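A.B. asks: One structure is given below, represented as structure tokens, and several questions about it will come after.
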Amino acid sequence: MSSISQSVRKLDHLAKASGAAKYVEDIVLDDMLYGKIVRSTVAHGKIRSIRLPDMPEGYSAVTAADIPGVNNVHIVQDDHPVFSGGEVNYIGEAILMIVGPDKRQVAKFARATEVEYDLLETCFDPKKSDTTFYEYGYEEGDWREAFAEADEVIDEEIFSAHQEHAYMEVQGLIGDYRNGKLTVRGSMQCPFYVHMAVTAVMGMKPEDVNVIADETGGGFGGKEDYPSILGSQVGVASYKVGKPVKCVFDRREDITCTSKRHPAFMRYRIAIKDGKMTAVDADILYDGGGYTTLSMVVLQRGLIGALGIYKFPSYRVHGKAVKTHTVPNGAFRGFGGPQTFFAMELMMNHAARKLGKDPLELRKEYCAKQGDMSPTHGVYHFDIPIPAMLDQLAEASDYHRKVKAYRNQTGRYRRGIGVSSVYHGCGFTGAGERDLIKGVFKLHKRADDTVEILAAAVDMGQGVKTTFRKIAANVLGLPEDRVIIVNPDTARVPNSGPTVASRSIMVVGKLIERAAKRLKAEWKPGEDQLITEKYVHPDFMIPWDLATFSGDPYPDSSWSTNIVEVEVDTMLGLTKILNAWGCYDVGTVIDENIVIGQMEGGLLQSLGHGGIELINYDQSGRIRNNSLSDYIVPTALDVPSLHVMFHKSEYFNGPFGAKAAGELPNVGGSASYIGALECALETDLYQTPFSTEDTMELLEGRRNG
Amino acid sequence: MSENIEVNFRLNGENVTIRTKANRRLLDVLRDDFHLTGTKEGCSIGECGACTVIVDRKAVTSCLMLIGSCEGRDVITIEGVSSPDRLNPVQRAILEHQAIQCGFCTPGFVMSATALLMENPNPTYEEIKVALSGNLCRCTGYKQIIDAIYDAAQQANRADPAEWDRNIIPDSGGRPLPWQPLNKPEVCELSGGNENEEQS
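Sequence order for the protein chains is G and X.
Residues 226 to 930 in our numbering are what the first sequence lists, from first letter to last.
Residues -3 to 196 in our numbering are what the second sequence lists, from first letter to last.
The following block contains the structure:
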């Protein structure tokens, strides 16, 4: 094990274990007021009238009319309003905010606010949507001919449902406008995203807006785009009332109005000729929800991964993200990838059954190799270790023996074992790092010879502060306590980019490594020194072109294989996960315990999406299960034996050889879980999650797969 | 119910008295009146366990307990089992196993595990899972937490039994506390601003 992989005590653990760490709800500013948002109760409508309750002095309502700048929150496009300008497009959309000194009174006045609507036509089925947000596609070879000549065609629709982030700390921010300057602080992943959005909404100069990320109690993508909306709302509110305004959601509100993983309908066709898969045709449909928010890039990542890790002679991939009158879907760990990988992995299982082959062996047979052309006409520049990783897991899990033993079971309890092999492209999709983010990093050596890391990355639990410090301290040869890193504050740190896309270690960490090397060479004891490093795009990459959807979308990928073993109680439909193995190639592991924690947690989230996590809408477009007793996430009792292992590799362009890690474990877990169910029940399945109720319906013959 | 009443109870080893409305949640009283913000609110309905405290040696979700029912009770919060410069064995084990990610659920887990070990000093792996099943963690996958609690119990059991209870709960018998848990300086900084975050 490389010495950098050896675990250290995490920087923020003492504060977190002792309860001293301050999250936004723990922060009280002088004269601070509380805000509660009045939200749309209809999925699509025009606001006809708003009647406010009588409120004593000190209470007020903040509406779109109070916005000093534009009433659009910049995310990718600028279509999400701060407060509704008259039309609402989903249940939970913000209409106004009641602000005042007493939290309970504020909530009471918000509940008492009456909004009347003229109802407009709603659409909850993405297949019937008449508004396409984005549409992309790519193809290779004569796939039409391959289907025409095929001996057999597998033609299936695979469905991947919503998933709720369920970060333990709900969304919350404080806006503090005073003396012509605005500070927005609280729970977020991307301080500079919030900064950019709020600046436009407030019509202020960038230097007058300051955004501070406080301790952030989990994100998983859920705090990528949404804080730009809430930040704008508390900013406007504080501007209107002239006092700090804190708005922290309650859990029901959080589940109702914040982003989710995109539901995806994915029709896959596979052409089979002479026992070989000769072509794949994939038609992908992502439900974007009421506004575009991040759908553009989520869809791109989904389509890029639509053929998984496999190489086919010919193929076509086409997909779109459409509008429905539901809460806008956005970033969720994996960012569009888990959906299409899930579909492709299930298709591999189904093809294996058709071809009479073992699913694990079939994956090895079709796995792309270093030097091959990638689906988007880029190149796999580096080794693809999937076959070796599959063998490693097969041995660890005793896969080949079990897969035989689990055939033709007849008892009440039936076991199954499933496999998946996937990747996660490292960093921003396409040319984002080069053209949009242009990350800048600074290393500040003070006169006392301590060194401060100045970056915009937020530690939301993934340990980025500890990891960054390790990288700098290791290069500089300093004890770790001489390297300082605090929560980012846009007034103090350069824009090293958002804390998303598993980019922090690989991209920003590389800048830290380079800056630290320079500082070490130029080190002048007792002097103040500032080192600035800027992102350099790897020159080996084939340039990404969005118009033709071609090129290298990522410099490299992190690789993952999963095997899951389940036991189904066929009398009750209950499925118990016995074991879950994950083998991961994330390049050099920077801090073993941190990465193991990421892999175990991500894998469990993905297993949750396989069996128990399901958002349930009623016919009016309202989420019915907006609490943690109805939206079920795994508990300690649901944890199987988790076995995490690593495949060793080094990525030359990452710090100490590290690649992306955070999102990877969330990509393949549900596919291997459903694969295990397929094995136990000896049938093909077509969706995630596959719940206990679904299992019962299947066992009772009320549904097929 | 909305009349102000006087409630006398024991909080982190000290006798306290508060005049308040009887129908306020213990969680709100702890956070807003006593400024004990280590107890977190995650769901408000007793589902997530982030607000777990120990009342009369049992783990309780403080969002479901009203202050009016705390008369004469012994309430211990995360601040009562630790200070930033001294941790109880559960916390130490959690640190050693790196069983913290975002940290929001951590105080609740510490309290549930501490209550478990007070009642059952030698729990099995399954007993730990059951004891922690009322605490949700979305980051870790639980394994590191369960391992940590198991480890804490094993280590405590190797220590002198007479010392054991005192280590788990610093003040379970009215003895003077070795530190003042309520007014220790925080080790994390609030603002991301001008002071440096340090680890003691």
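The beta carbon of each residue, even a glycine, is placed where N, CA and C say it ideally should be.
Here the structure is a predicted model, which means the values were calculated and not measured.
#1: By the 8 Å beta-carbon criterion, what residues does the region 33 to 50 of chain X contribute toward chain G?
#2: Among the residues of its own chain, which have a CB less than 8 Å from the CB of G:D770, if the five just before and after it don't count?
#3: To be precise: take each residue of the region 415 to 441 of chain G, compare its Cβ to all Cβ atoms of chain X, and keep it if any distance is under 8 Å. Which residues remain?
#4: Under the three-state reduction of DSSP, which class applies to G:D794: helix, strand or coil?
#5: Alpha carbon to alpha carbon, how far is G:F557 from G:G447? Give it in angstroms, no decimals.
#6: Under 9 Å, CB to CB, which of the residues in the region 673 to 695 of chain G have a partner in chain X?
#7: Using the Cα positions of G:A189 and G:V461, report the straight-line distance between them to the nearest angstrom.
#8: In or out: G:G926 buried (at least 16 other Cβ within 10 Å) or exposed?
#9: Using 8 Å as the Cβ pair cut-off and three pairs as the minimum, do the region 226 to 241 of chain G and the region 309 to 316 of chain G touch?
#10: Please classify G:G428: is it buried, with 16 or more other beta-carbons within 10 angstroms of its beta-carbon, or exposed?
#11: On the three-state DSSP scale, how would you describe G:F372?
#12: Along chain X, in chain order, which residues have C-beta atoms closer than 7 Å to that of G:D475?
#13: Looking at chain X, is there any beta carbon in it that lies within less than 7 Å of the beta carbon of G:K241?
#14: Decide if X:P103 is buried, meaning its Cβ has at least 16 other Cβ atoms within 10 Å, or exposed.
#15: What did DSSP end up calling X:I1 once you bin it into helix, strand or coil?
#16: Measuring only the C-alpha atoms, how far is G:I272 from G:L736?
#17: Find out if the Cβ-Cβ distance for the pair G:M199, G:K884 is shorter than 7 Å.
#18: With 7 Å as the threshold, decide whether the Cβ of X:Q151 is near any Cβ in chain G.
#19: Quick one: Cα of G:S285 to Cα of G:R336, how far?
#20: Looking only at its own chain, which residues have a Cβ that is under 6 Å from the Cβ of G:A496, when we skip the five neighbours before and after it?
#21: Using CA atoms only, rank isn't needed, just tell me which of X:N4, X:Y121, X:C44, X:I142 is closest to X:V25.
#22: Flag this pair as touching only if the region 403 to 417 of chain G and the region 455 to 474 of chain G have three or more C-beta atom pairs under 8 Å; answer yes or no.
#23: Given a limit of 8 Å on CB to CB distance, which residues of the region 873 to 899 of chain G reach chain X?
#24: Short of 7 Å in beta carbon distance, which residues of its chain neighbour G:R743, apart from the five on each side in sequence? Order them along the chain.
#25: How about G:S854 and X:E43: are their beta carbons less than 7 Å apart?
#26: For G:T715, would you say it is in contact with chain X, using Cβ-to-Cβ distances shorter than 7 Å as the test?
#27: Return the residue from the list G:L580, G:R492, G:F560 that minimises the CA-CA distance to G:R541.
#28: I want to know whether the region 611 to 623 of chain G touches the region 550 to 567 of chain G - three or more CB-CB distances under 8 Å.
#29: At a CB-CB cut-off below 7 Å, which residues of chain G make contact with X:P85?
#30: If you draw a straight line from the alpha carbon of G:F693 to that of G:G734, how long is it in whole angstroms?
#31: Using a Cβ cut-off of 8 Å, pull out every chain X residue sitting near G:G443, in sequence order please.
#32: Please determine, among G:A507, G:R707, G:E658, G:T691, the residue with the shortest C-alpha to C-alpha distance to G:A726.
#33: Going by DSSP, name the residue or residues bridged to G:F871.
#34: Quick check on G:Q687: does DSSP put it in helix, strand or coil?
#35: Shorter than 7 Å from the beta carbon of G:S854 to some beta carbon of chain X?
#36: Please work out which residues of its chain come closer than 8 Å, Cβ to Cβ, to G:D674, disregarding the five sequence neighbours upstream and downstream, and give them in chain order.
C.D. replies: Quick answer:
#1: Using a CB distance below 8 Å, the part of the region 33 to 50 of chain X facing chain G consists of T33, G34, T35, K36, E37, G38, C39, S40, I41, E43, C44, A46, ordered along the chain.
#2: Within the same chain, G:D770 has close Cβ partners G776.
#3: So the list reads I437, A438, D439, E440, T441, given in the order they occur along the chain.
#4: Assigned with DSSP and collapsed to three states, G:D794 falls in strand.
#5: Straight through space, the alpha carbons of G:F557 and G:G447 are spaced by roughly 6 Å.
#6: Those would be T675, E677, D684, M685, G686, Q687, G688, K690, in chain order.
#7: This structure does not reach residue 189 of chain G, given that chain G is present from 226 up to 930, and the question cannot be answered.
#8: Exposed, by the Cβ-count rule.
#9: No, they do not touch.
#10: The residue is exposed, with fewer than 16 neighbouring Cβ atoms inside 10 Å.
#11: G:F372 falls in the helix class under three-state DSSP.
#12: Think of a sphere of 7 Å around the beta carbon of G:D475: the chain X residues whose beta carbon falls inside it are S40, in chain order.
#13: G:K241 has a beta carbon lying within less than 7 Å of a beta carbon in chain X.
#14: Flag for X:P103 reads buried.
#15: Of the three classes helix, strand and coil, the one that applies to X:I1 here is strand, per DSSP.
#16: About 49 Å.
#17: Because chain G is modelled from 226 through 930, residue 199 of chain G falls outside the range shown and cannot be assessed.
#18: Any Cβ of chain G closer than 7 Å to the Cβ of X:Q151 would place that residue at the interface, and such an atom is absent.
#19: Cα atoms of G:S285 and G:R336: separation of roughly 14 Å, rounded to the nearest angstrom.
#20: Only A371, F372, A375, V378, T503, A504 meet the Cβ criterion.
#21: Nearest C-alpha to X:V25: X:N4.
#22: Contact between the region 403 to 417 of chain G and the region 455 to 474 of chain G is established, with three or more Cβ pairs separated by less than 8 Å.
#23: So nothing in the stretch comes that close.
#24: Apart from sequence neighbours up to five positions away, the residues of its chain that approach G:R743 with a beta-carbon distance below 7 Å are I756, ordered along the chain.
#25: It is a contact, given that the beta carbons lie within the stated cut-off.
#26: Chain X, which has no Cβ nearer than 7 Å to the Cβ of G:T715, makes this no.
#27: The alpha carbon of G:R541 has as its nearest neighbour, out of G:L580, G:R492, G:F560, the alpha carbon of G:R492.
#28: No, the region 611 to 623 of chain G is not in contact with the region 550 to 567 of chain G.
#29: In chain order: nothing, as chain G lies at least about 12 Å away.
#30: Rounded to whole angstroms, G:F693 to G:G734 spans 6 Å at the Cα level.
#31: The contacting residues are Q97, C98, F100, R134, C135.
#32: Considering only alpha carbons, the answer is G:E658.
#33: In the DSSP assignment, the residues bridged to G:F871 are G:Y809.
#34: Annotated three-state conformation of G:Q687 is coil, per DSSP.
#35: Closer than 7 Å to some Cβ of chain X, the Cβ of G:S854 qualifies, so yes.
#36: Cβ within range, chain order: R707, P750, G751.
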